[in-house]
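Before any comments, here is the structure.
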Amino acid sequence: MIGVIADDVTGATDVAAALSRAGLQTLLAFDAATPVAGDADAIVIGLKTRSIPVADAVATSLVALRTLQNAGVTRFYFKYCSTFDSTDAGNIGPVTEALALALDVSTVVTTPAAPIHGRTVNDGDLYVFDVPLHETHMAHHPITPMCDSNLVRLLTPQCNGTVTTVPLAAVREGVAAVRATIAAADGAGVTQVIADAMTNDDLAVIAEAAEAAVLTAGSAGLIGAIAERQVASGRAIATAPAGRTAIIAGSCSRRTLEQIADFQASGGTSHRVIAEAGQTAEQLAEAALTWWDEQSADSSALIYSSSSAEERNDELPEAGELYEQVAGIVAHGLAERGVQRMLVAGGETSGAVIRELGTMVAVVGTEAAVGAPWIHDVDHGVHLVLKSGNFGDVDMFTSLAGVEDND
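Just so we're aligned: 81 in numbering that gives the first Met the number 0 is position 82 of the sequence shown, and the numbers increase by one with no gaps anywhere.
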């Protein structure tokens, strides 16, 4: 059984989608310590450790590791973002080293390459749709600004051990060359080996070369290639039932803003959450739910706090955290009203929704978009899509909600 520890919620759904895409029956959990039981080929635990203090991220990840071991997992993967979101302190390096130490692994093969999402690695440098990482919007990220594209330089300050690469030439030479490179690094005491990969075929070579590894790490790209080499159970992957869809958007990414605009232009009804001084999350959520209750009983609709950079300049300093709370309360209220389909846009927003709903374990179904599968919270009867802000086509909200039926 494959077990994955993901450092955020939407990253967990991305990797769960890769496993499910390969035909593996996959369970998705959202708490490090809660026991996970069920008939599955893979288990993913989605945490919120990407940007918390290093010691807390390590401790929580080790708890998740023990949970997976208790569930019968024998092969482990640490999933981080394909844009390598981190600082000089971590948390990618420290968590990987802590997991390796706990599993008695000396050298870990890792790569953020995910060609399906436009992320590639060459000469140790990370590219986003052929643009060096430090030249993308990630250079201006408010929490983890990525001002360098070289992964060795990014990872080394985070680690106690040493870091090297598997060059693309070795990958293109084949499995034996990659295994020899990894073995040489292990013999030299290197603790993490970053593999170049430009295509899915490159990832397939790396996956085969590392097939005996107890622990590997990276984005959803490498674990997807690893999953392709697994023998699936053959059970059908479930899908969500048709019906009314509630869209809750908190991401301010360019793609999410485009998806909101497309939904509105196509005739979809929407309510924007805008906080004024002194307003509480409960008040804002009540207003949003009152608006929802006024809509047609079979009409999909959008509740959003997403805004452009210019609009955010005029918002309250505490607006971001406030809107996360609103999203969670709204989702809980919608579930109480019998809404069974929800699309949630944004990592922090998704985390707030999961916490407020009390979702502990969900069954991963078919993908609503690449990297964004439906998940079924069986205990609460809700089907969710937890979408990273940049994922999905421009018309994702429109097509998933079926707004053409609302005209």
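Note that CB positions come from ideal geometry on N, CA and C, so glycine has one too.
Nearest to residue i (by Cα), restricted to the options the options
i, options, result
"Q282", "L321, T238, D40", "L321"
"A212", "R178, G266, D195, T238", "R178"
"I1", "I353, A330, A226, T33", "A226"
"I91", "D103, L102, L100, K78", "K78"
"T109", "R311, I181, P34, P131", "I181"
"Q258", "D392, K386, I247", "D392"
"T244", "I222, S299, T9, A208", "S299"
"V35", "F396, A361, T397", "A361"
"D87", "H375, P144, F390", "P144"
"E285", "V230, L167, V325, R152", "V325"
"T198", "L214, N121, D103", "N121"
"T279", "R311, A241, G319, D313", "G319"
"Q68", "S85, V53, A32", "A32"
"A276", "Q339, A101, D297, P316", "P316"
"E323", "A334, R354, N312, Q339", "R354"
"R234", "L23, A5, T9, A16", "L23"
"P52", "A63, S85, L27, H139", "S85"
"V189", "V162, R336, E210", "V162"
"A334", "V272, D378, G71", "D378"
"G337", "D292, G345, E309", "D292"
"G332", "W290, D313, G346", "W290"
"R254", "A175, G345, E207", "G345"
Proximity of residue i and residue j at Cβ, strictly below 8 Å
i, j, result
"I205", "A224", "yes"
"T106", "A184", "yes"
"F83", "L46", "no"
"Q191", "G220", "no"
"L356", "V381", "yes"
"F396", "I246", "yes"
"A56", "V94", "yes"
"L288", "V329", "yes"
"A112", "A203", "no"
"M359", "D30", "yes"
"A97", "L61", "yes"
"I236", "L18", "no"
"T9", "S218", "no"
"G266", "R340", "no"
"I164", "V151", "Checking the displayed sequence, the identity of residue 164 turns out to be Thr instead of Ile. Yes, Cβ-Cβ distance for T164 and V151 is below 8 Å."
"G89", "Q157", "yes"
Exposure label - residue i; buried when at least 16 CB within 10 Å
i, result
"T268", "buried"
"D406", "With a pLDDT of 36 at D406, under the threshold of 50, the predicted position of this residue should be treated as unreliable, though the coordinate-derived value follows. Exposed, because fewer than 16 other Cβ atoms sit within 10 Å of the Cβ of D406."
"V363", "buried"
"D7", "buried"
"D404", "With a pLDDT of 41 at D404, under the threshold of 50, the predicted position of this residue should be treated as unreliable, though the coordinate-derived value follows. With fewer than 16 Cβ atoms within 10 Å of its Cβ, D404 is classed as exposed."
"C146", "exposed"
"V3", "buried"
"S81", "buried"
"T73", "exposed"
"F128", "exposed"
"H375", "buried"
"V130", "exposed"
"D201", "buried"
"S295", "exposed"
"I142", "exposed"
"A187", "exposed"
"R20", "buried"
"E366", "buried"
"V230", "exposed"
"E309", "exposed"
"F390", "buried"
Identified DSSP bridge partners for residue i
i, result
"Q191", "V107, V162"
"D6", "Beta-bridge pairing links D6 to no other residue."
"G217", "K78, T110"
"D407", "Outside the displayed range of the chain (0 to 406) lies residue 407, so it cannot be described from this structure."
"R271", "Y303"
"T180", "DSSP, once it has assigned bridges, lists no residue as partnering T180."
"R340", "T244, H382"
"D376", "V381"
"P131", "Y126"
"T25", "A41"
Supposed close pair residue i, residue j - CB separation, criterion 8 Å
i, j, result
"S252", "G123", "Between G123 and S252 the Cβ distance is about 27 Å, and since that is not below 8 Å, they are no contact."
"G249", "S307", "About 14 Å separates the two Cβ atoms, so there is no contact after all."
"A41", "T66", "That belief does not hold up - the Cβ atoms of A41 and T66 are roughly 14 Å apart, past 8 Å."
"W373", "A239", "4 Å"
"V369", "I115", "6 Å"
"S148", "H133", "5 Å"
"A99", "L256", "At roughly 39 Å, the Cβ-Cβ gap does not stay under 8 Å, so A99 and L256 are not in contact."
Residue i beta carbon near the ligand GTP (any heavy atom closer than 7 Å)
i, result
"L385", "The model depicted lacks the ligand GTP and carries no ligand whatsoever."
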